[in-house]
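Chemist: One structure coming up, written as structure tokens, with questions to follow.
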Amino acid sequence: MNSLRAVFAGAEAVTLISTWAFGRRHQQAQNVIDAAKECGVRRICYTSFVGADDPAPVDEMPFLPRDHKQTEALIHASGLEYNIQRDYLYVDNIPNFFAPSWKFCDNRWISNSGGVPGAYVAREVMLSGL
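Under this note's numbering, the residues of the sequence shown are numbered 1411 to 1540, in order.
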């Protein structure tokens, strides 16, 4: 928390981008919100994920938007102003995380999209909107 407070001191807005630490994101987000409030930050800008607004209970939701739904709820309850941007998967995830799995799938791209194309985005493009 001390490192967050040191970075947030004097800031009017903070951008919260979730980590790959699934299962710990909720606490990480709460730490950011708490530190932001302590430092007088007025606005949180959060890069969420498509599907985070699913009305289903969190334990019945698809894997990826679960933590984002919980983080959005924390932000809504924080009393801070906010911008929430629901991104899709980042394009750099393809070579970094998904492409290596091809060797396990006979060099085929296998997805659960049912043939629906994905709207992959560049991180830089998403950040320019904040």
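Virtual Cβ for every residue (Gly too), placed ideally from N, Cα, C.
1. In angstroms with no decimal places, state the Cα-to-Cα distance between A1439 and S1428.
2. Could you check whether the stretch 1418 to 1427 touches the stretch 1449 to 1457, counting it as contact only if at least three pairs of C-beta atoms, one from each stretch, sit closer than 8 Å?
3. Alpha carbon to alpha carbon, how far is S1488 from I1443?
4. What is the rounded straight-line gap between the Cα of E1422 and the Cα of R1415?
5. Please report the residue range of the beta strand (DSSP E) in which R1476 lies.
Modeler: This is what the structure holds:
1. 8 Å
2. yes
3. 7 Å
4. 13 Å
5. Here R1476 belongs to no beta strand (DSSP E); instead the alpha helix (DSSP H) covers F1473 to A1487.
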